[in-house]
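Student:
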Amino acid sequence: MSETVVDLRSDTVTRPTPAMRRAMAEAEVGDDVYGEDPTVNRLEERAAEMFAREKAIFVPSGSMGNLIAVKLWTRPGTEVICERKAHVNQYEMASMAAIAGAFPRPISTADGILSWSAIEAEIRPKTYYFSQTALVTLENTHNMAGGTLYSAELTAEICDRAHAAGLPVHLDGARIFNAAAALGTTVAKLSAKCDSVMFSLSKGLGAPVGSILVGSGDFIAGARSVRKLLGGGMRQAGVLAAAGLIAIEESPKLLPEDHRNARRLAEALAEMPGVTLDPGAVRTNIVIFGVEKSGRTAAEICATLGKSGILASGVGLHSIRMVTHFDVNRDGIERAIAATREALAPGA
Ligand SMILES: *Cc1c(COP(=O)(O)O)cnc(C)c1O
119 MSETVVDLRS DTVTRPTPAM RRAMAEAEVG DDVYGEDPTV NRLEERAAEM FAREKAIFVP
179 SGSMGNLIAV KLWTRPGTEV ICERKAHVNQ YEMASMAAIA GAFPRPISTA DGILSWSAIE
239 AEIRPKTYYF SQTALVTLEN THNMAGGTLY SAELTAEICD RAHAAGLPVH LDGARIFNAA
299 AALGTTVAKL SAKCDSVMFS LSKGLGAPVG SILVGSGDFI AGARSVRKLL GGGMRQAGVL
359 AAAGLIAIEE SPKLLPEDHR NARRLAEALA EMPGVTLDPG AVRTNIVIFG VEKSGRTAAE
419 ICATLGKSGI LASGVGLHSI RMVTHFDVNR DGIERAIAAT REALAPGA
């Protein structure tokens, strides 16, 4: 029935474009642990420039980028303020505790977006017998809240107040380019006052592997050591960086189409009986909807969808996530809508 699989589980499933594959094949390379890979160096320089920062470093994954930042900004026994459903809190193997020795201080929100007043309430009193807050982390866009956004103004306000309280701010910007596209601004403006920023090359931007951490010259020098400590020093990584360069130059302009597709998907899903979803809250490429009223679990519905070649993720007993990206076009979205309508039909 269905020619190709429509994979909406995540934007991590994007495959490198023909241009990326050509650039990878032809990349000039050297040993990056010696700092001698010209393509990695170019990617890092270009990323630093785009974020208006001194330096950047190419890392194997977003999780490693976040962990490096946490390790540099904290000491064992100190605390990291984060949103409860943040990637650093839920999807990184508790590495901040297991490896950096830091303790998450999570804050529950309805939409994934922290306010200064919520953060301030969780800063530990400066008393010698309390563990001390060392870092504030923000996630933009917020994955598990459905791709929700921090504005440049809110991020700057939180950074100003955190700095006044003596705390650095790390931005998990795995999808910061989606946020910039949705808000009509630049990644530099959106993250201007953050002390470090991680973003993914391997999600909506379509590169096969890698993330980038940006910050001050001192911070990135420290990051180079921690990356090596974690086993993340890579040799002829220029073959990967070549795809990353195309990802940051070419892919951001494709993101508005992913956002339009997510909006179309959300509006159609919201009208289906059994679905709980506010389509107005879908601003980027992530659609998370409730199916409790359908009387079926997310796993059951995802299994039914899978039989029609539509892949989605159950992200809770009764929540399903669909993520749009450049490997799914409007036809694929329409197929996903039709298949979901069928899967939710009584007796399906
Ligand atoms: C995917 C993701 C990461 C981690 O990226 P990996 O490369 O998969 O380790 C970090 N933060 C957020 C918000 C993400 O969605």
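Note that the numbering used here numbers the sequence shown so that position 92 is 210, with each residue one more than the last. Beta carbons are placed, not taken as given, at the ideal position from N, Cα and C, and that holds for glycine.
Using alpha carbons as the reference points, say which of G450, P286 and I217 lies closest to S426.
Tutor: G450
Student: Need the endpoints of the beta strand (DSSP E) that L285 sits in, please.
Tutor: Here L285 belongs to no beta strand (DSSP E), and DSSP marks it neither H nor E.
Student: So D229 packs on V441, CB below 8 Å; how close in whole Å?
Tutor: Wrong, their Cβ atoms sit about 18 Å apart, outside the cutoff.
Student: Could you check where the alpha helix (DSSP H) with C420 kicks off and where it finishes?
Tutor: A416 to K425
Student: For R242, name the three-state secondary structure that DSSP assigns.
Tutor: coil
Student: Exposed or buried, E162, counting other C-beta atoms within 10 Å across all chains shown (16 or more means buried)?
Tutor: buried
Student: If we count the other Cβ atoms within 10 Å of its Cβ and call it buried at 16 or more, is T303 buried or exposed?
Tutor: exposed
Student: So for M119, helix, strand or coil by DSSP?
Tutor: Confidence at M119 is low in this model, with a pLDDT of 48, below 50, so the placement of that residue is unreliable and no value is reported for it.
Student: Report the partner residues of L256 according to the DSSP bridge assignment.
Tutor: L289
Student: How would you write the range of the alpha helix (DSSP H) that S343 sits in, first residue to last?
Tutor: G335 to L347
Student: Excluding sequence positions up to five away, which residues of its chain have a Cβ less than 8 Å from the Cβ of M119?
Tutor: In this prediction, M119 scores a pLDDT of 48, lower than 50, which makes its location untrustworthy; the coordinate-derived value is nonetheless stated afterwards. Closer than 8 Å at Cβ, skipping near neighbours: S426 and G427.
Student: Would you check if the distance between the CB atom of L190 and the CB atom of A283 is smaller than 8 Å?
Tutor: no
Student: Grouping DSSP H, G and I as helix and E and B as strand, with all else coil, what is G322?
Tutor: coil
Student: Mind the definition here: the segment 127-142 touches the segment 335-349 only if three or more C-beta pairs lie below 8 Å; say whether that holds.
Tutor: no
Student: Quick check on the burial criterion: 16 or more other C-beta atoms within 10 angstroms. Buried or exposed for D150?
Tutor: buried
Student: Spell out the partners DSSP gives I438 in its beta bridges.
Tutor: Residue pairing from DSSP places I438 in a beta bridge opposite F407 and G432.
Student: Specify, as a first and last residue, the run of the alpha helix (DSSP H) that V305 falls within.
Tutor: V305 to L308
Student: Considering only residues of the segment 194-231, which uninterrupted beta strand (DSSP E) runs meet the minimum length of 3 residues and lie entirely inside it, listed in chain order?
Tutor: 197-201 and 221-225
Student: Can you look up L331 in the DSSP assignment and give me helix, strand or coil?
Tutor: strand
Student: What did DSSP end up calling M390 once you bin it into helix, strand or coil?
Tutor: Correct three-state label for M390: coil.
Student: Of all the options E238, S369 and N184, which has the alpha carbon lying nearest to the alpha carbon of A220?
Tutor: N184
Student: Let me confirm a value: R448 is counted as buried when at least 16 other C-beta atoms fall within 10 Å, else exposed. Which label applies?
Tutor: exposed
Student: By Cβ distance, which residues of its chain are closer than 7 Å to L435, with the 5 residues on each side in sequence left out?
Tutor: T415 and A416
Student: Just to confirm the assignment, what range does the beta strand (DSSP E) spanning F176 have?
Tutor: K173 to V177
Student: Between which two residues does the alpha helix (DSSP H) holding R164 run?
Tutor: P156 to M168 is the span of the alpha helix (DSSP H), which, as asked, contains R164.
Student: Would you mind sorting D376 into buried or exposed? The rule is 16 or more other CB atoms within 10 Å of its CB.
Tutor: buried
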